[in-house]
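Position in the sequence shown (from 1) plus 252 gives the number in our numbering.
Cβ coordinates follow ideal geometry from the N, Cα and C atoms, glycine included.
Just so it is clear, the structure is predicted and the values come from calculations on it, not from any experiment.
Notes to accompany the following structure.
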Amino acid sequence: MATIYCGTKTFQAVEAVLFDKDGTLADCHDFLHALVLARSSFVEAQVPGVKESLLKTFGLVDGRVNPVGLIAVATRQEDEIATAACIAATGRDWIEAKTIAHTALLNADRALPPKAKLTPLFNGALPLLQSLARSDLKVGILSADTEENVRDFVEFHDLAAYFQLQMGSRNGLSKPDRRLLHLACRELSVSPAATLVIGDSSADIELAKQGGAIGAIGVTWGGTHPNQLANADVIVDRFDKIQLRPSV
Numbered sequence: 253m254a255t256i257y258c259g260t261k262t263f264q265a266v267e268a269v270l271f272d273k274d275g276t277l278a279d280c281h282d283f284l285h286a287l288v289l290a291r292s293s294f295v296e297a298q299v300p301g302v303k304e305s306l307l308k309t310f311g312l313v314d315g316r317v318n319p320v321g322l323i324a325v326a327t328r329q330e331d332e333i334a335t336a337a338c339i340a341a342t343g344r345d346w347i348e349a350k351t352i353a354h355t356a357l358l359n360a361d362r363a364l365p366p367k368a369k370l371t372p373l374f375n376g377a378l379p380l381l382q383s384l385a386r387s388d389l390k391v392g393i394l395s396a397d398t399e400e401n402v403r404d405f406v407e408f409h410d411l412a413a414y415f416q417l418q419m420g421s422r423n424g425l426s427k428p429d430r431r432l433l434h435l436a437c438r439e440l441s442v443s444p445a446a447t448l449v450i451g452d453s454s455a456d457i458e459l460a461k462q463g464g465a466i467g468a469i470g471v472t473w474g475g476t477h478p479n480q481l482a483n484a485d486v487i488v489d490r491f492d493k494i495q496l497r498p499s500v
């Protein structure tokens, strides 16, 4: 167990820390921007006139990706459903719209380099991970991304030694469903009540609250406005504001 200090907030008897990935550990803005444009272009090729609607739906605002918008926090399945809904709004049949959406998203994935190569680890993340590794805490990633992308990120950045859990979306569950947190905690053999969640979106914060976590730290270095993390126990803008001390 350990005590974690974060600003004026202290979390005692912590046994595990769960990080979100995109926007928390991984700087994903440039990748998500490219992905939005690629997906929208592939759909536009099949459904002329839908591109602008898709850009807004995905969360591209004034040339920047909304860090708590669809493309940033939704699961792949949710992305496909939202894309299909935009297509269906033009008058296409629903089954046709889903087929177009599925194919367009696959083509966009294939058109871009592997995600891990375009999502660097945020500055300051590694020292915190190293500090956690020197303790007896269990550390994991709990992401809305696919599990394959989570594993690729960890492997590409040589982070396997720091994580006992590399978990993406599973069984159709998405944040803030408490079952995701409970599943992650079961795999780590810890109680949610001894688990600290760190993330950059309201979905991460609500996941912690609904799942009975010991606490939720909201982070803003990925571009999230503090107002969007109002329910967090504490909000930080730098990794080095998260400090730990092993419990005696």
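- Contact annotation: ASP397 and LYS303 have beta-carbon atoms that are not nearer than 8 Å.
- Per the C-alpha coordinates, the member of LEU432, ALA455, GLY467 positioned closest to VAL449 is GLY467.
- Each residue's CA atom was taken as its position, placing THR351 and LEU378 some 41 Å apart.
- Under the criterion of beta carbons closer than 8 Å, LEU364 and ALA290 qualify as touching, at roughly 6 Å.
- Shown here, ALA254 sits in a strand according to DSSP, grouped into three states.
- For ALA334, the closest of ARG316, ALA356, GLU407, ARG403 by C-alpha to C-alpha distance is ALA356.
- The beta carbon of ALA484 sits closer than 7 Å to those of ILE457, ALA468, ILE469, GLY470, all from its chain and outside the five residues before and after it, given in chain order.
- In this structure, DSSP gives THR262 an extended state, which the three-state scheme calls strand.
- A distance below 8 Å separates the beta carbons of GLY376 and PHE491.
- Cα atoms of HIS354 and VAL317: separation of roughly 22 Å, rounded to the nearest angstrom.
- With 16 or more other CB atoms across the displayed protein chains lying within 10 angstroms of its CB, VAL325 is buried.
- The straight-line gap separating the alpha-carbon atoms of ASP331 and PRO319 is approximately 15 Å.
- Going by DSSP, GLN418 is part of the beta strand (DSSP E) stretching over 417 to 419.
- Burial check for ILE347: the Cβ neighbour count within 10 Å stays below 16, so the residue is exposed.
- GLY301 sits in coil when the DSSP states are folded into three classes, being neither helix nor strand.
- The shortest CA-to-CA distance from ILE323 to any of ASP282, ILE339, ARG362 is the one to ASP282.
- DSSP, read as helix, strand or coil, puts LEU433 in helix.
- Positions of the alpha helix (DSSP H) runs, each at least 4 residues long and wholly inside the segment 282 to 326, are given as 303 to 310, 322 to 325 in order along the chain.
- For THR447, DSSP records a beta bridge to ALA268.
- Classified as buried, LEU496 has 16 or more neighbouring CB atoms from the shown chains inside 10 Å of its CB.
- By the Cβ neighbour-count rule, GLU407 is exposed, with fewer than 16 other Cβ atoms within 10 Å of its own.
- GLY474 and ASP452 do touch by the CB rule: their CB atoms are close to 5 Å apart, below 8 Å.
- For the beta strand (DSSP E) assignment, the uninterrupted runs of no fewer than 3 residues enclosed by the segment 472 to 498 are, from N- to C-terminal side, 486 to 488, 494 to 498.
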